[in-house]
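Read top to bottom, the protein sequences are chains A and B.
Residue 42 is where the first sequence starts when you use the working numbering, and the numbers rise one by one after that.
Residue 177 is where the second sequence starts when you use the working numbering, and the numbers rise one by one after that.
Quick reminder that beta carbons are idealized off the backbone N, C-alpha and C, glycines included.
Encoded as structure tokens, the structure appears first; notes follow it.
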Amino acid sequence: MQELSVPPQGATDLYFATQFSQNTWGQFKSCLWKQWWTYWRSPDYNLVRFIFTLATSLMIGSVFWQIGGKRSNVQDLTMVIGAIYAAVVFVGINNCSTVQPMVAVERTVFYREKAAGMYSAIPYAISQVTCELPYVLIQTTYYSLIIYSMVGFEWKASKFLWFIFINYFSFLYWTYYGMMTVSLTPNQQVASIFASAFYGIFNLFSGFFIPRPKIPKWWVWYYWICPVAWTIYGLITSQYGDVETPIALLGGAPGLTVKQYIKDQYGFESDYMGPVAGVLVGFTVFFAFIFAFCIKTLNFQSR
Amino acid sequence: MVQEMREQGVQETRLQLLKGVTSAFRPGVLTALMGVSGAGKTTLMDVLAGRKTGGYIEGDVRVSGFPKKQETFARISGYCEQTDIHSPQVTVRESLIFSAFLRLAKEVSKEDKLMFVDQVMELVELVDLRDAIVGLPGVTGLSTEQRKRLTIAVELVANPSIIFMDEPTSGLDARAAAIVMRAVRNTVDTGRTVVCTIHQPSIDIFEAFDELLLMKRGGHVIYSGPLGRNSHKVVEYFESFPGVPKIPEKYNPATWMLEASSLAAELKLGVDFAELYKASALCQ
């Protein structure tokens with residue numbers, strides 16, 4: 042024993058210049074390769090959310106059939122806002138809850154592979170985040186086409202592109218929010234409870250049930266950090282922020298325009314689209330970052 | 177420590193799981209780590225492999241005489257965990273390629289890595305299952321036994337110098353266990369260091385090992401040394417103590433040894449095998 046506990050004469054300690062055999066890019070490529078196949082072979086995940094999105098968009102589209110162009114009175118406009126709000130929350134929550142088992146299962150494998158020194162946490166987390174991009178893009182594209190044409194919004198390229206852009210980042214942040222909840226909690230059950238705790242709050246402060254000007258001052262800060270609020274802000278403003286046609290409001294001033302109405306009622310400024318876009322991208326990056334950060338720092342294994 | 181235990185007079189705030197374990201594992205020598213459930217076999221392995229996520233580790237782990245550095249050690253060691261955890265939606269071959277690409281040195285060419293993957297698949301008889309989806313345990317995909325072989329293969333493709341295996345033959349039928357043991361034996365014969373915990377080994381499996389580290393409940397070592405031909409060294413060691421019954425004819429020495437050193441046997445004889453081991457010539 043004593044003999045074995047000292048290095049043999051002339052021996053040098055083993056030394057590797059790098060901690061991992063592949064560099065970060067190599068680790069990312071390998072992780073992405075595996076995640077890519079995993080996603081492709083998980084129809085129970087991808088098909089379910091795709092079919093759900095299809096059904097939701099057809100349902101919303103037929104319930105709110107061709108009302109996008111009706112903006113001569115307040116009731117019609119409120120209905121459109123409700124339709125948009127409902128669709129985004131439906132699909133968003135679905136994205137959030139379907140992604141959880143996927144991430145939770147892969148995380149158990151991640152613990153073993155990380156302990157084996159195969160890769161560091163960040164390339165792994167980024168590969169999983171990257172895999173979502175094309176799938177959510179497909180989802181957003183057909184969702185937007187269906188909703189846009191069935192609800193009958195104005196066919197103007199800039200408005201349609203805004204619609205796609207806002208929906209894309211909204212669905213992405215919902216998905217990454219779901220992934221983040223898994224990375225913050227020990228298992229999928231706790232993650233889904235944690236996630237659903239915020240569904241109600243996101244709902245309440247989305248700016249539809251209580252328009253922002255009506256939220257008490259001491260709660261209005263939550264409106265500004267509620268991602269759903271920014272989605273609705275963006276969707277409504279991009280559709281109606283430039284509409285100068287009059288809108289009928291009982292007891293309202295004559296000659297009230299749609300643009301003025303959404304500003305008075307909801308606080309939506311038409312020249313605020315730049316910051317809205319920035320914040321939506323910001324939420325997406327933020328949730329993805331927290332996911333990666335927690336995957337790296339938290340370890341819920343107990344050995 | 178739980179409140180109820182403190183009320184019963186337990187003073188310590190930490191529970192000691194391993195007590196004064198000293199041993200060495202050498203290259204080209206296949207060591208079995210045995211003991212009753214709760215003896216601390218997995219704990220010891222986790223400590224050695226650096227897989228513990230909680231608790232406190234005291235003492236000294238050396239690799240070739242140098243203090244162990246976990247980053248380096250992770251590169252040269254493999255650990256087959258007791259639970260076979262694999263990504264469910266990739267194939268057997270993809271799992272192995274993934275492991276090989278991320279763990280073999282950068283200097284190794286892509287062709288060599290793939291060739292190595294194919295060789296390992298042959299070694300553990302996974303060639304027929306190369307394109308099978310791994311699936312979820314108990315639901316889809318590979319059976320328990322195939323999964324075990326995949327776990328071992330995933331570690332072998334990393335070409336580690338030191339391999340820990342936590343119950344590699346548990347849950348396998350005799351033939352599958354023999355395949356696994358043959359793969360393990362071949363690995364050892366290439367000059368690698370392999371340590372296996374093992375439960376209820378058959379005589380054949382038990383005697384495939386060269387050395388034995390036997391632990392008893394509470395994390396004490398009660399035997400550490402060579403098995404000897406037909407396990408005669410272990411048997412002679414335990415039979416040397418007065419009162420220990422002789423091993424019956426054709427009896428499995430692994431079973432006999434666990435029975436002879438059990439808590440019940442200790443109580444009957446009024447001895448502590450951990451103390452006896454410390455005083456023995458073997459330990460000196």
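TODO: State yes or no: is the beta carbon of ASP288/B nearer than 9 Å to at least one beta carbon in chain A?
DONE: Here the question's residue 288/B lines up with position 112 in the second sequence. Not one chain A Cβ lies under 9 Å of ASP288/B.
Task: Residue from GLY214/B, THR267/B, ALA450/B, SER199/B whose Cα sits closest to the Cα of GLY311/B - done: As a working mapping, residue 311/B is identified with position 135 in the second sequence. For GLY311/B, the closest C-alpha among the options GLY214/B, THR267/B, ALA450/B, SER199/B is that of THR267/B.
Open item on the list: Could you compute how far the alpha carbon of ILE108/A sits from the alpha carbon of GLY248/A?
Closed with: Counting from 1 along the first sequence, the entry for residue 108/A is found at position 67. Counting from 1 along the first sequence, the entry for residue 248/A is found at position 207. C-alpha separation (whole angstroms): 21 Å.
TODO: Helix, strand or coil for GLU298/B, going by three-state DSSP, please let me know.
DONE: Residue 298/B sits at position 122 when you count from the first residue of the second sequence. Helix.
Open item on the list: Please report whether the beta-carbon of TRP66/A lies at a distance below 9 Å from any beta-carbon of chain B.
Closed with: For this step, residue 66/A is matched to residue 25 along the first sequence. Closer than 9 Å: no.
- [ ] Inspect the beta-carbon positions of ILE339/B and THR363/B and report whether they are closer than 9 Å.
- [x] Numbered from its first residue, the second sequence carries residue 339/B at position 163. Numbered from its first residue, the second sequence carries residue 363/B at position 187. Taking 9 Å as the Cβ cut-off, ILE339/B and THR363/B qualify as a contacting pair.
Task: Runs of alpha helix (DSSP H) wholly within the stretch 376-402 of chain B (minimum 4 residues, chain order) - done: Whole alpha helix (DSSP H) segments, 4+ residues: 379-382.
Task: GLY292/A to VAL115/A span [Cα, whole Å] - done: If you number the first sequence from 1, residue 292/A lands on position 251. If you number the first sequence from 1, residue 115/A lands on position 74. If I take the Cα positions, the gap works out to 12 Å.
Open item on the list: Between the stretch 230-246 of chain B and the stretch 309-325 of chain B, can you find at least three pairs of beta-carbon atoms closer than 8 Å?
Closed with: They do not touch, by the three-pair rule.
Open item on the list: So for ARG238/B, helix, strand or coil by DSSP?
Closed with: On the second sequence, residue 238/B is found 62 positions in, with the first residue counted as 1. For ARG238/B, the secondary structure class from DSSP, reduced to helix, strand or coil, is strand.
TODO: Compute the Euclidean distance between the alpha carbons of ARG323/B and ASP222/B, then round it to the nearest angstrom.
DONE: The residue you call residue 323/B lines up with position 147 of the second sequence. The residue you call residue 222/B lines up with position 46 of the second sequence. Whole-angstrom Cα-Cα distance: 21 Å.
- [ ] Following the continuous alpha helix (DSSP H) through CYS172/A, name the residue where it begins and the one where it ends.
- [x] Translated into positions along the first sequence, residue 172/A becomes position 131. Run containing CYS172/A: 162-192, per the alpha helix (DSSP H) assignment.
- [ ] Check whether the Cβ of SER199/B lies closer than 9 Å to any Cβ atom in chain A.
- [x] Here residue 199/B refers to the residue found at position 23 when the second sequence is read from its first residue. Contact with chain A is found for SER199/B, since one of that chain's Cβ atoms lies less than 9 Å from the residue's Cβ.
- [ ] Over the uninterrupted alpha helix (DSSP H) stretch that includes VAL140/A, give me the two end residues.
- [x] Locating residue 140/A in the first sequence gives position 99, where the first residue counts as 1. That run of the alpha helix (DSSP H) goes 115-156.
TODO: Step through the CB atoms of chain A and report whether any lies within less than 9 Å of the CB of PHE292/B.
DONE: On the second sequence, position 116 is the one that residue 292/B refers to. For PHE292/B, not one C-beta of chain A is nearer than 9 Å to its own C-beta.
Task: Outcome for GLY282/A when other beta-carbon atoms lying within 10 angstroms are tallied against a minimum of 16 - done: The residue given as residue 282/A occupies position 241 in the first sequence. Its Cβ being crowded by 16 or more others within 10 Å, GLY282/A is buried.
TODO: Buried or exposed for VAL47/A, please, with buried defined as at least 16 other CB atoms from any protein chain shown within 10 angstroms of its CB.
DONE: The residue given as residue 47/A occupies position 6 in the first sequence. By the neighbour-count criterion, in which a residue is buried when 16 or more other Cβ atoms sit within 10 angstroms of its Cβ, VAL47/A is exposed.
Open item on the list: Once DSSP output is grouped into helix, strand and coil, what is the label at LEU272/B?
Closed with: Walking along the second sequence from the start, residue 272/B turns up at place 96. Helix at LEU272/B.
- [ ] Determine the chain A residues that contact LEU265/B at a beta-carbon separation under 7 Å, and present them in chain order.
- [x] Here residue 265/B corresponds to residue number 89 of the second sequence, with the count starting at 1. Note that residue 265/B is Gln in the sequence shown, not Leu. What GLN265/B touches in chain A: TRP78, THR79, ARG82, SER83.
Open item on the list: Does SER253/B come out as helix, strand or coil in the three-state DSSP assignment?
Closed with: The sequence position of residue 253/B within the second sequence is 77, counting from 1. In the three-state scheme derived from DSSP, where H, G and I count as helix and E and B as strand, SER253/B is classed as strand.
Open item on the list: Residues of the stretch 150-167 of chain A in Cβ contact with chain B at a cutoff of 7 Å, in chain order, please.
Closed with: Cβ contacts with chain B come from VAL150, ARG153, ALA156, ALA157, GLY158, MET159, TYR160.
Task: Backbone CA spacing between MET221/A and CYS72/A [nearest angstrom] - done: Here residue 221/A refers to the residue found at position 180 when the first sequence is read from its first residue. Here residue 72/A refers to the residue found at position 31 when the first sequence is read from its first residue. The straight-line gap from Cα to Cα measures roughly 19 Å.
- [ ] Identify the continuous alpha helix (DSSP H) that holds CYS372/B and give its terminal residues.
- [x] Counting from 1 along the second sequence, the entry for residue 372/B is found at position 196. If you look at CYS372/B, you'll find it isn't in any alpha helix (DSSP H); it sits in the beta strand (DSSP E) that goes 369-373.
- [ ] Name the one or two DSSP bridge partners that ASP342/B has.
- [x] Here residue 342/B corresponds to residue number 166 of the second sequence, with the count starting at 1. Bridge partners of ASP342/B: THR373/B.
Open item on the list: Give me the subset of the stretch 223-250 of chain B whose CB atoms are less than 9 Å from a CB atom of chain A, sorted by chain position.
Closed with: Answer in chain order: ALA225, GLY226, ARG227, LYS228, THR229, GLY230, GLY231, ASP236, ARG238, VAL239, SER240, GLY241, PHE242, PRO243, LYS245, GLN246, GLU247, THR248, PHE249, ALA250.
Open item on the list: Please classify GLY235/B as buried or exposed, where buried requires at least 16 other C-beta atoms within 10 Å of its C-beta.
Closed with: The residue labelled residue 235/B in the question sits at position 59 within the second sequence. Classification of GLY235/B: exposed, given that the 10 Å Cβ count is below 16.
Task: Any chain B beta carbon closer than 9 Å to ARG344/A - done: Locating residue 344/A in the first sequence gives position 303, counting from the first residue. At least one chain B Cβ lies under 9 Å of ARG344/A.
Task: Identity of the residue in TYR274/A, VAL170/A, TRP81/A, LEU297/A nearest TYR204/A by Cα - done: Numbered from 1 along the first sequence, position 163 holds the residue referred to as residue 204/A. One point to set straight first is that residue 204/A is Phe, not Tyr, in the sequence displayed. Looking only at TYR274/A, VAL170/A, TRP81/A, LEU297/A, the smallest Cα-Cα distance to PHE204/A is reached by TYR274/A.
- [ ] Compare the Cα-Cα distances from GLY193/A to each of LYS111/A, THR226/A, PHE93/A and report the closest residue.
- [x] Working through the first sequence from its first residue, we reach residue 193/A at position 152. If we check each option's Cα against that of GLY193/A, LYS111/A comes out closest.
- [ ] Give me whichever residues DSSP pairs with PRO287/A in a beta bridge.
- [x] Counting from 1 along the first sequence, the entry for residue 287/A is found at position 246. Under DSSP, PRO287/A shares a beta bridge with THR298/A.
- [ ] For the alpha helix (DSSP H) containing GLY211/B, list its first residue and its last residue.
- [x] Position 35 of the second sequence, counted from the start, is the residue given in the question as residue 211/B. Where GLY211/B is concerned, there is no enclosing alpha helix (DSSP H), although the beta strand (DSSP E) it sits in stretches over 206-211.
Open item on the list: Within a Cβ cutoff of 6 Å, which residues of the same chain sit near GLY308/A, ignoring the five residues on either side of it in sequence?
Closed with: Within the first sequence, numbered from 1, the residue matching residue 308/A stands at position 267. Here the set comprises ARG253, PRO254.
Task: Chain-order list of residues whose beta-carbon lies under 8 Å from that of PHE151/A (same chain, five-residue window excluded) - done: Your numbering for residue 151/A matches position 110 in the first sequence. Taken in chain order, the residues that qualify are ALA162, TYR165, ILE336.
Open item on the list: Measuring only the C-alpha atoms, how far is THR218/B from ALA225/B?
Closed with: For the purposes of this step, residue 218/B is identified with residue 42 of the second sequence, where counting begins at 1. For the purposes of this step, residue 225/B is identified with residue 49 of the second sequence, where counting begins at 1. Across the structure, THR218/B and ALA225/B are spaced so that their CA atoms are roughly 10 Å apart.
Open item on the list: Assuming ALA42/A is part of the alpha helix (DSSP H), what are its boundary residues?
Closed with: For the purposes of this step, residue 42/A is taken as residue 1 along the first sequence, with counting starting at 1. Checking the sequence shown, residue 42/A turns out to be Met, not Ala. From DSSP, MET42/A is part of no alpha helix (DSSP H); its letter is neither H nor E.
TODO: Name the two residues that bound the continuous alpha helix (DSSP H) containing GLY275/A.
DONE: Numbered from 1 along the first sequence, position 234 holds the residue referred to as residue 275/A. Where GLY275/A is concerned, the enclosing alpha helix (DSSP H) starts and stops at 268-281.
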